[in-house]
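> As they're listed, the protein sequences go chains A and B. Residue numbers 1 to 163, in my numbering, belong to the letters of the first sequence in order. Residue numbers 1 to 266, in my numbering, belong to the letters of the second sequence in order. Think of the CB as a built atom: it goes at the ideal place given N, C-alpha and C, for glycine as much as any other residue. If you're wondering where the values come from, they're calculated on a predicted model, not measured in any experiment.
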Amino acid sequence: MTAFILMTGLSVSGQNGIATTSKKTFSRTTTISQKINAHPSIVWTLLSNADDYARWNSTIISIEGQIEEGEKIRLKSTLAPNRTFKLKIKEMKPHELLIWGDAMGKRTFRLTEEQEGTRFTMTERIGSVMFPLFAGKIPSFDEAFEQFTADLKKEAEAISQVQ
Amino acid sequence: MNQEEFTALFSEIRPQLKSYILRLTASVPDTEDLVQDTWIKSSRNLTSFRGDSSLKTWIFTIASNLVKDHQRKWKRWPENVTDICKEAAMQNPQHFQEAMQIVQSSQYAQFEIKEHIAFCFTCIAKSLPLEQHLCILLKEVHNFKIKEMATILDTTEPLVKYHLHAARKKMIEIFDGRCALINQEGVCHQCTEINGIFNPKQDTQQELMKIRMVRDAEKKDKEHLLDLRMEVLREIDPFTSSAHELQLHHLEHNRRVMESHLENKE
Numbered sequence: 001m002t003a004f005i006l007m008t009g010l011s012v013s014g015q016n017g018i019a020t021t022s023k024k025t026f027s028r029t030t031t032i033s034q035k036i037n038a039h040p041s042i043v044w045t046l047l048s049n050a051d052d053y054a055r056w057n058s059t060i061i062s063i064e065g066q067i068e069e070g071e072k073i074r075l076k077s078t079l080a081p082n083r084t085f086k087l088k089i090k091e092m093k094p095h096e097l098l099i100w101g102d103a104m105g106k107r108t109f110r111l112t113e114e115q116e117g118t119r120f121t122m123t124e125r126i127g128s129v130m131f132p133l134f135a136g137k138i139p140s141f142d143e144a145f146e147q148f149t150a151d152l153k154k155e156a157e158a159i160s161q162v163q
Numbered sequence: 001m002n003q004e005e006f007t008a009l010f011s012e013i014r015p016q017l018k019s020y021i022l023r024l025t026a027s028v029p030d031t032e033d034l035v036q037d038t039w040i041k042s043s044r045n046l047t048s049f050r051g052d053s054s055l056k057t058w059i060f061t062i063a064s065n066l067v068k069d070h071q072r073k074w075k076r077w078p079e080n081v082t083d084i085c086k087e088a089a090m091q092n093p094q095h096f097q098e099a100m101q102i103v104q105s106s107q108y109a110q111f112e113i114k115e116h117i118a119f120c121f122t123c124i125a126k127s128l129p130l131e132q133h134l135c136i137l138l139k140e141v142h143n144f145k146i147k148e149m150a151t152i153l154d155t156t157e158p159l160v161k162y163h164l165h166a167a168r169k170k171m172i173e174i175f176d177g178r179c180a181l182i183n184q185e186g187v188c189h190q191c192t193e194i195n196g197i198f199n200p201k202q203d204t205q206q207e208l209m210k211i212r213m214v215r216d217a218e219k220k221d222k223e224h225l226l227d228l229r230m231e232v233l234r235e236i237d238p239f240t241s242s243a244h245e246l247q248l249h250h251l252e253h254n255r256r257v258m259e260s261h262l263e264n265k266e
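(1) So which residues of chain B does A/T45 contact, with C-beta pairs closer than 7 Å?
(2) Would you say A/Q115 lies against chain B (beta-carbon separation less than 9 Å)?
(3) Measure the C-alpha to C-alpha separation of B/T277 and B/T57 and round it to an integer number of angstroms.
(4) Looking at B/H250: is its Cβ nearer than 9 Å to the Cβ of B/F121?
(5) Would you please state the rounded distance, in angstroms, between the beta carbons of B/L181 and B/V214? I believe it to be under 8 Å.
(6) Quickly, what does DSSP pair A/L97 with across the bridge? List them, please.
(7) Which residues of the segment 166 to 199 of chain B have a Cβ closer than 9 Å to any Cβ of chain A? Give them in chain order.
(8) What are the residues of the segment 7 to 37 of chain B that lie near chain A, defined by any Cβ-Cβ distance shorter than 8 Å?
(9) Can you list, in chain order, the stretches of the alpha helix (DSSP H) that have 4 or more residues and sit fully within the segment 189 to 251 of chain B?
(10) Along chain B, which residues have their Cβ under 8 Å away from the Cβ of A/D52?
(11) In this structure, how does DSSP classify A/T59 when only helix, strand and coil are distinguished?
(12) Counting C-beta neighbours from all protein chains within 10 Å, is the total for A/R83 16 or more, i.e. buried, or is it exposed?
(13) Is there a Cβ of chain B sitting closer than 9 Å to that of A/I5, yes or no?
(14) How would you list, in chain order, the residues of chain A whose beta-carbon sits under 9 Å from the beta-carbon of B/T151?
(15) Would you mind giving the Cβ-Cβ distance between A/E96 and A/R110, rounded to the nearest angstrom? I have them listed as a contact below 8 Å.
(16) A/A158 versus chain B: which residues are under 8 Å apart at the beta carbon?
(17) Helix, strand or coil for B/L55 per DSSP?
(18) Do you know offhand how far A/I61's Cα is from B/Q206's?
(19) If the cut is a Cβ gap below 7 Å, which residues of chain A does B/K156 touch?
(20) Alpha carbon to alpha carbon, how far is B/K170 from B/S54?
(21) Below 8 Å on the Cβ atoms is my contact criterion, and I expect B/L137 with B/L248 to pass it. Report the Cβ-Cβ distance as a whole number of Å.
(22) Kindly list the residues whose CB is nearer than 7 Å to the CB of B/I146, restricted to its own chain and excluding five residues on each side of it in sequence; keep chain order.
(23) Does the beta carbon of B/P78 sit closer than 9 Å to a beta carbon anywhere in chain A?
(24) When the Cα atoms are used, what is the spatial distance from B/Q110 to B/T204?
(25) Can you have a look at A/V129 and say buried or exposed, based on whether 16 or more other CB atoms are within 10 angstroms of its CB?
(26) CA-CA distance, B/I40 and B/E148?
(27) Assess, as a yes-or-no matter, whether the segment 183 to 194 of chain B is touched by the segment 65 to 82 of chain A under the definition of 3 or more beta carbon pairs within less than 8 Å.
(28) Taking only beta-carbon positions, decide if B/I146 is within less than 9 Å of chain A.
(29) Name the DSSP bridge partner or partners of B/K18?
(30) In terms of residues, what are the limits of the alpha helix (DSSP H) holding A/I36?
(31) Flag this pair as yes or no: are the beta carbons of A/F145 and A/A54 separated by less than 9 Å?
(32) With a threshold of 16 other CB atoms inside 10 Å of the CB of B/R44, please say whether the residue is buried or exposed.
(33) Can you find a CB in chain B that lies within less than 9 Å of the CB of A/K153?
(34) Look at the Cβ atom of A/L152, then the Cβ atom of A/L46, and state whether they are nearer than 9 Å.
(35) Determine, using beta carbons only, whether A/R55 comes closer than 9 Å to chain B.
This is how it looks when you write it as structure tokens:
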């Protein structure tokens with residue numbers, strides 16, 4: 001049930017732009033969900049255009065590479081500005097689903113069309129058998145998730161208003 | 001619509017089409033070829049024009065497809081194109097000699113800052129991804145509606161909105177950082193420098209105050225300043241303006257410099 005909730009973003013917690021994190025011995029999962037008043041194709045374009053992220057998303061310093069299934073990207077975020085995360089685009093269903101990750105973690109972006117807009121859900125699960133050893137050193141994602149989502153909502157809704 | 005009616009309507013649209021294609025390709029010979037190709041393709045396929053859109057939209061669709069095919073082989077220009085081209089011009093005395101000859105011999109070489117503003121946009125907009133470049137010109141210069149642009153570019157309205165929005169944001173950011181006309185800390189003064197060369201007796205400050213974008217710069221509304229920049233573009237036909245021979249010579253110089261610069265970077 002927990003996995004279903006996390007995948008679909010249907011849990012009560014994590015909705016309306018507030019991130020929630022659940023911790024287990026070998027993993028940690030952060031999720032957030034937000035209604036965006038813009039067509040899924042606008043939200044999708046923002047999420048799948050690597051070159052443009054830094055312009056609108058204040059949590060991303062840069063993304064190099066193409067966001068295409070099977071491709072690898074190099075991501076720098078404000079959460080760990082000195083690190084470059086080498087991530088693989090694991091799955092893409094245009095306007096619906098984007099998953100990227102590495103051996104340690106997996107981030108899932110899911111879009112669902114709602115009346116006059118889009119339900120955006122973002123989940124990141126990190127974990128492994130070694131997770132308990134370094135769990136304390138990994139900062140909370142909550143604030144960055146909320147900022148990412150707020151930036152996405154603001155940008156997508158601004159685009160939606162273009163006449 | 002018969003061929004005669006089509007020919008008359010195409011002739012009406014031709015000047016707009018030429019300026020659109022020139023601002024996309026930055027090449028007069030390529031523009032002439034692409035306008036001719038658009039004419040051939042549209043007149044041959046006239047029977048397939050069903051009137052679902054206006055004739056202008058239909059012709060711009062054909063032209064945009066030809067431009068997209070044509071531009072695929074060329075790399076996009078860098079944002080600092082005018083710096084690179086200025087440096088190349090400084091090292092090429094022949095370029096200035098030719099320009100001075102044009103000034104002395106042509107009645108269409110009366111340098112105006114306004115024209116250089118439009119010229120500068122043409123060069124810098126070539127740093128945008130092609131889809132964004134197409135969108136900003138179609139909307140801001142040629143007044144197409146979002147729905148018509150989606151038809152012209154064979155895409156969806158949300159995607160057109162995205163490209164247009166992203167193009168505007170990018171152009172605002174670049175000009176805010178570069179253009180000394182709208183930002184005192186802007187690094188580029190080329191339009192006023194060149195005005196000093198071609199119009200040495202002119203009071204440059206007085207000339208600048210004739211331009212609304214410069215007058216409104218203090219308000220610091222960046223969206224508004226881009227709108228005013230686009231207004232300058234709408235007012236200027238790069239093939240018939242009062243300094244078009246000079247500006248086209250300048251554009252050809254920049255295009256050659258860019259081709260060589262991008263080739264050397266490979």
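Let's see:
(1) L159 and Y162
(2) no
(3) A question about residue 277 of chain B goes unanswered here, because the residues of chain B that appear run from 1 up to 266.
(4) no
(5) 5 Å
(6) A/K93 and A/R110
(7) A166, R168, K169, K170 and E173
(8) none
(9) 190 to 198, 204 to 208, 212 to 215 and 222 to 235
(10) A166
(11) coil
(12) exposed
(13) Any answer about A/I5 is weak, because its pLDDT of 42 lies below 50 and its placement is not dependable; what the coordinates show is given next. No, because no Cβ of chain B sits closer than 9 Å to the Cβ of A/I5.
(14) Within 9 Å Cβ-Cβ: nothing; B/T151 doesn't reach chain A, min ~16 Å.
(15) 7 Å
(16) H165
(17) helix
(18) 42 Å
(19) Checking the sequence, you will find Thr at residue 156 of chain B rather than Lys. Ordered by position in chain A, the residues that pass the 7 Å Cβ test against B/T156 are S41.
(20) 30 Å
(21) About 18 Å separates the two Cβ atoms, so there is no contact after all.
(22) E157, V160 and K161
(23) no
(24) 14 Å
(25) exposed
(26) 22 Å
(27) no
(28) yes
(29) Answer is none; B/K18 lacks a bridge partner.
(30) Not the alpha helix (DSSP H): A/I36 falls in the beta strand (DSSP E), residues S27 to I36.
(31) no
(32) exposed
(33) no
(34) yes
(35) yes
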